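Inspection log for the structure reproduced underneath, given as structure tokens.
There are 2 protein chains.
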Amino acid sequence: MKSTAPAVTSVRGARPMVVYHALRALIVRGQLAPGSRIVETDVASKLRVSRTPVRGALQRLAHEGYIIDSPSLQQSRPTVAPLTREDAMELFSIVAEIEGLAARCATALPAGKRDALLGELTTINARFERASRAKVPKHDLLYELDERFHRRYVELAAGPRLRALHDAVKPQAERYERLYVSLLSRGLAPSVQEHAAIIRAIRSADPDAAQRAVQTNWRNAAVRLGQVITNVGERGQW
Amino acid sequence: MKSTAPAVTSVRGARPMVVYHALRALIVRGQLAPGSRIVETDVASKLRVSRTPVRGALQRLAHEGYIIDSPSLQQSRPTVAPLTREDAMELFSIVAEIEGLAARCATALPAGKRDALLGELTTINARFERASRAKVPKHDLLYELDERFHRRYVELAAGPRLRALHDAVKPQAERYERLYVSLLSRGLAPSVQEHAAIIRAIRSADPDAAQRAVQTNWRNAAVRLGQVITNVGERGQW
DNA sequence: GTGCACAGAACTGTATACAATTCTCTCGGG
DNA sequence: CCCGAGAGAATTGTATACAGTTCTGTGCAC
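Sequence order for the protein chains is X and F.
Letter by letter, the first sequence follows residues 1 to 238 in our numbering.
Letter by letter, the second sequence follows residues 1001 to 1238 in our numbering.
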């Protein structure tokens, strides 16, 4: 781990994006703990840029919900958003709608593209099933495969606005999912079947069924996650 | 109309919000035409602030989709996002999901709050019906009542995340709705009944029905709007 | 008349200085 | 021992200067 960040790309206008992705990765992976304060000047000096691009990145992160203004303090003081059971429930239900809509669009894809998509989804879910059966579950692999499954149909079927929404919202669910997957890898069997149901619904070109299947998958995930959170407690609340 | 803006509030951190709301209002009401260039220094001088708060406002507007980087030009040059049929369709389907989810939550409201909400919605819809029957339709009133109807259940039933999403997405639909309402005020009769269906579904505490009712309302609105756009053409595309 | 090159203007990206607010820590009084 | 007041530090908000890139218009060659 080197403490000095690498030099920022020289492309015009890339600095805020670099800062954004750096901070988001730290938050999503938990290295910036929920509740942590984020100080503009610290980030700026660590990433070797001025406060201006940092401000841009922070504004975006705040808009997307990764950071919030400290609730206890009065002044605008950005802090990493806490992980709470209630927030997880709401977030998952929103993702359910977004991806459900994408799945609905997927049923309207031209036959060629739809078949290609269905093939990909089937392959991914087969690997997902194998991974879920492993004696020693590989959390990262499981998460990766589940994420890819959902991302695939969103990328292919959703329009630009829906994709943008998905890109903004989904990584926040990742904060919870990483928690979830490492504590509940054993309970993934239903997810395999739920994915299969999604594939069937898209194949039969039934928009309502496809949307429902995706929503069911996420609502069940929300329930399972809720139990885990209830057990292990929330983060960043004190 | 005075050309010099009033002095900005002295509250700390309020300038970007003032700029944001000023620009957003201009865009939503069409006074800043789709395709128009937005120049930081111009806005700054018109609103008597420096470029810094203007940048903040522009970043947020860009993130929410009101302005985009000019497609023809190479450099990052903010322009007012065009109004296209395709975008309207996607936007409305997203709003349908967001408000549909809110309506679903509304069915889970405690009985007291739910009854209060139902009363409000009934009142609003009655006024909406009367307004829609008027010989000379008042476009602004119609829009206002429809907007209030939907906003009410979102405000009461949705969680913070869903509300934030709604606040970010819905005003963009307003750009299209204002166009729609002024060209199609006569076709609002079905909307009255669709609203009534929403009320019935919430009253019967049926989550799926409530969600479906809202989605139907928006999908029909999308179809009606699509026809209008096809007739009058798109804006800001050339 | 058309196309290309070059100079100047226009605009955004970045850095930094300064202002204003508020948090925090210490010290004194009760 | 606890609480409040005040000074200093810390942090964000705003303005502005400067740099770099791209657009635009003019003039020249063909």
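For every residue, glycine included, the Cβ atom is placed at its ideal position computed from N, Cα and C.
These numbers come from a predicted model, not from an experiment.
C-beta atoms of residue i and residue j nearer than 8 Å
i                       : j                       : result
residue 81 of chain X   : residue 67 of chain X   : yes
residue 1157 of chain F : residue 1096 of chain F : no
residue 195 of chain X  : residue 220 of chain X  : no
residue 173 of chain X  : residue 92 of chain X   : yes
residue 62 of chain X   : residue 19 of chain X   : no
residue 1191 of chain F : residue 1146 of chain F : yes
residue 90 of chain X   : residue 1152 of chain F : no
residue 188 of chain X  : residue 225 of chain X  : no
residue 213 of chain X  : residue 102 of chain X  : no
residue 1064 of chain F : residue 1054 of chain F : no
residue 114 of chain X  : residue 202 of chain X  : yes
residue 1100 of chain F : residue 1193 of chain F : no
residue 181 of chain X  : residue 94 of chain X   : no
residue 230 of chain X  : residue 85 of chain X   : yes
Inter-residue Cα distance where the pair is residue i and residue j
i                       : j                       : result
residue 184 of chain X  : residue 178 of chain X  : 10 Å
residue 1037 of chain F : residue 228 of chain X  : 50 Å
residue 1176 of chain F : residue 125 of chain X  : 40 Å
residue 122 of chain X  : residue 35 of chain X   : 40 Å
residue 11 of chain X   : residue 1077 of chain F : 16 Å
residue 232 of chain X  : residue 171 of chain X  : 22 Å
residue 248 of chain X  : residue 1117 of chain F : Here chain X covers residues 1 to 238 and nothing more, so residue 248 of chain X does not appear.
residue 83 of chain X   : residue 1134 of chain F : 51 Å
residue 154 of chain X  : residue 1222 of chain F : 21 Å
residue 199 of chain X  : residue 210 of chain X  : 8 Å
residue 1026 of chain F : residue 1137 of chain F : 24 Å
residue 1031 of chain F : residue 1022 of chain F : 11 Å
residue 59 of chain X   : residue 1130 of chain F : 44 Å
residue 273 of chain X  : residue 28 of chain X   : In this structure chain X extends from 1 to 238, so residue 273 of chain X is not present and cannot be described.
residue 1098 of chain F : residue 1052 of chain F : 33 Å
residue 1110 of chain F : residue 1205 of chain F : 10 Å
residue 1033 of chain F : residue 1046 of chain F : 17 Å
residue 17 of chain X   : residue 24 of chain X   : 10 Å
residue 13 of chain X   : residue 144 of chain X  : 30 Å
Beta strand (DSSP E) segment containing residue i, residue limits
i                       : result
residue 1080 of chain F : 1078-1080
Local conformation of residue i per DSSP, three classes
i                       : result
residue 1068 of chain F : strand
residue 109 of chain X  : coil
residue 83 of chain X   : strand
residue 7 of chain X    : With a pLDDT of only 41 at residue 7 of chain X, under the threshold of 50, the placement of this residue in the model should not be trusted; the figure read from the coordinates follows. Coil, per DSSP.
residue 2 of chain X    : Here the model assigns residue 2 of chain X a pLDDT of 36, short of 50, so the residue's position is not dependable, and the following value carries that caveat. Correct three-state label for residue 2 of chain X: coil.
residue 186 of chain X  : helix
residue 1037 of chain F : strand
residue 1018 of chain F : helix
residue 173 of chain X  : helix
residue 135 of chain X  : coil
residue 1032 of chain F : coil
residue 204 of chain X  : coil
residue 1049 of chain F : coil
residue 1178 of chain F : helix
residue 163 of chain X  : helix
residue 1012 of chain F : coil
residue 75 of chain X   : coil
Where residue i meets chain F, residues with beta-carbon distance less than 8 Å
i                      : result
residue 132 of chain X : Within 8 Å Cβ-Cβ: nothing; residue 132 of chain X doesn't reach chain F, min ~29 Å.
residue 97 of chain X  : 1097, 1098, 1100, 1101
residue 91 of chain X  : 1161
Cross-chain neighbours of residue i in chain F, by beta carbon under 7 Å
i                     : result
residue 63 of chain X : 1060, 1063
residue 38 of chain X : Ordered by position in chain F, no residue passes the 7 Å Cβ test against residue 38 of chain X, which lies about 16 Å from the chain.
Run of the alpha helix (DSSP H) containing residue i, from where it starts to where it stops
i                       : result
residue 1226 of chain F : 1207-1232
residue 1154 of chain F : 1139-1157
Chain F residues whose Cβ lies nearer than 9 Å to that of residue i
i                     : result
residue 87 of chain X : 1159, 1160, 1161
residue 76 of chain X : 1012, 1013
Chain X contact residues for residue i, given Cβ-Cβ distances below 8 Å
i                       : result
residue 1056 of chain F : 55, 59
residue 1198 of chain F : Simply none; closest approach about 17 Å.
The ligand NAD heavy atom lying under 7 Å from the CB of residue i
i                       : result
residue 1100 of chain F : With respect to the ligand NAD, the structure offers nothing, as it holds no ligand at all.
Neighbouring residues, chain X, relative to residue i (Cβ below 7 Å)
i                       : result
residue 1165 of chain F : 94
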